[in-house]
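K.L.:
Before I ask anything, here is the structure I am working with.
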Amino acid sequence: MILTAIAFAIVTSPVQTITYEEMEAKMHEAYRALTDYKEVLAITIAAGEQTQLLRVERLISGPRNRVKVSVNGTEVSETGFDGLTLYAVLHPERVYQMKQGTNDAFQQKYAPADLSKEEDGFFNFVPQNVYGIRIEVKPAAKVISEEVVQIDGKPYKKIVAESPKIAQNDHLRITYVFHADRWIISSFEVDAKSRSGNTLVIKGAATEAKFSAGLTQKDFAFDVAAIPGYRRVGG
């Protein structure tokens, strides 16, 4: 599905509105329940006149995972867990880290972001999480609508949220579109504008989403030979 497909969504029926925290909790659980999933997210971040293109590729099989991130066509990072070994690669620095361990993120219980030390107007976008993405804002976002929509003839869940205090003077709206039968992201959008005229627009869509991808252990294994000349650090 392409980004512009959102514009052609037709509302089919309203559903009961949930809270933003409940939505995040459902995402938290849904991504950890995936056992054979491949996803590619294409993300555009436009801040004023500057634009950045991100590509996030995820492979997920319960605790096993692999996440590759590219920015403007250049590989930036790769992280993963093959069931025994945790690894991370930073391509610009040409370094990597690997160690035996467990995937603690898989075991974590959901908790809302702790923004108690942040000021009103705080915003943070984390696209490279293993299990979905995270959009954090203070004051906390509130869901203003929840609908079932049709996109390319298929049903999806669409949720729109705003940060209420910011919206009195500025504008901050978050839109998520999920697959109809599970809380896995199909697309999302952030639209923000400050009183001073600064703008931020983030649009993302899953250009590939396979729930039965046929993943094998080889897809998660880290091959040091594939990055010759890289230096091992830590661990």
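All letters in the sequence shown, in the order written, are residues 113 to 347 by the numbering used here. Beta carbons are placed, not taken as given, at the ideal position from N, Cα and C, and that holds for glycine.
(1) Among H140, A158, L196, whose alpha-carbon lies nearest the alpha-carbon of K221?
(2) Name the one or two DSSP bridge partners that N177 has.
(3) Taking the DSSP output, what are the residues bridged to K211?
(4) What residue range does the alpha helix (DSSP H) around H140 cover?
(5) Quick check: the Cα distance between K270 and A317, rounded to an integer number of angstroms?
(6) Report the residue from I339, A337, D331, Y342 whose alpha carbon sits nearest the alpha carbon of G192.
(7) Can you tell me which of A292, T287, I296 puts its alpha carbon nearest to the alpha carbon of A304?
(8) For T186 and K150, I'd like the C-alpha separation in whole angstroms.
(9) Please go through the same chain and pick out, in chain order, the residues whose beta-carbon is closer than 7 Å to the beta-carbon of E274, but skip the five residues on each side of it.
(10) If you count every other CB in all the chains shown that lies within 10 Å of the CB of G265, and 16 or more means buried, which is it?
(11) When the distance is taken between beta carbons, is V179 closer than 7 Å to R170?
(12) Between which two residues does the alpha helix (DSSP H) carrying K229 extend?
(13) Tell me which residues share the same chain as L198 and place their Cβ nearer than 6 Å to its Cβ, disregarding the 5 neighbours each side in the sequence.
(14) Looking only at DSSP bridge pairs, what is E151 linked to?
(15) Consult DSSP for A273 and reduce its assignment to one of helix, strand or coil.
(16) Is the distance from the Cβ of L159 to the Cβ of L312 below 7 Å?
P.N.:
Let me lay it out:
(1) As a first step, residue 221 must be located in the sequence shown, where it is residue number 109. When only C-alpha atoms are compared, the closest one is H140.
(2) Against the sequence shown, residue 177 aligns to sequence position 65. The partner list for N177 (beta bridge, DSSP) reads I172, F193.
(3) Counting from one through the sequence shown, the residue named residue 211 turns up at place 99. For K211, which the question treats as bridged, DSSP gives the partners L198.
(4) As a position in the sequence shown, residue 140 is number 28, starting the count at 1. 132 to 144 is the span of the alpha helix (DSSP H), which, as asked, contains H140.
(5) In the sequence shown, residue 270 corresponds to position 158, counting from 1. In the sequence shown, residue 317 corresponds to position 205, counting from 1. Each residue's alpha carbon lies about 13 Å from the other.
(6) Position 80 of the sequence shown, counted from the first residue, corresponds to residue 192. Per the Cα distances, D331.
(7) Sequence index remark: in the sequence shown, residue 304 carries index 192 (1-based). It is T287.
(8) Your numbering for residue 186 matches position 74 in the sequence shown. Your numbering for residue 150 matches position 38 in the sequence shown. Cα to Cα, T186 sits roughly 20 Å from K150.
(9) Locating residue 274 in the sequence shown gives position 162, where the first residue counts as 1. The residues are A253, K254, I256, L284, R285.
(10) Position 153 of the sequence shown, counted from the first residue, corresponds to residue 265. Under this definition G265 is an exposed residue.
(11) One-based indexing of the sequence shown puts residue 170 at position 58. One-based indexing of the sequence shown puts residue 179 at position 67. It is a contact, given that the beta carbons lie within the stated cut-off.
(12) The sequence position of residue 229 within the sequence shown is 117, counting from 1. Careful: K229 lies outside any alpha helix (DSSP H) and carries neither H nor E.
(13) For the purposes of this step, residue 198 is taken as the residue at position 86 of the sequence shown. These residues qualify, in order along the chain: K211, G213.
(14) Residue 151 sits at position 39 when you count from the first residue of the sequence shown. Per DSSP, R170, A321.
(15) Position 161 of the sequence shown holds residue 273. Strand, per DSSP.
(16) By one-based count along the sequence shown, residue 159 stands at place 47. By one-based count along the sequence shown, residue 312 stands at place 200. Here residue 159 is Ala; the residue named in the question, Leu, does not match the sequence. The answer is yes: Cβ separation under 7 Å.
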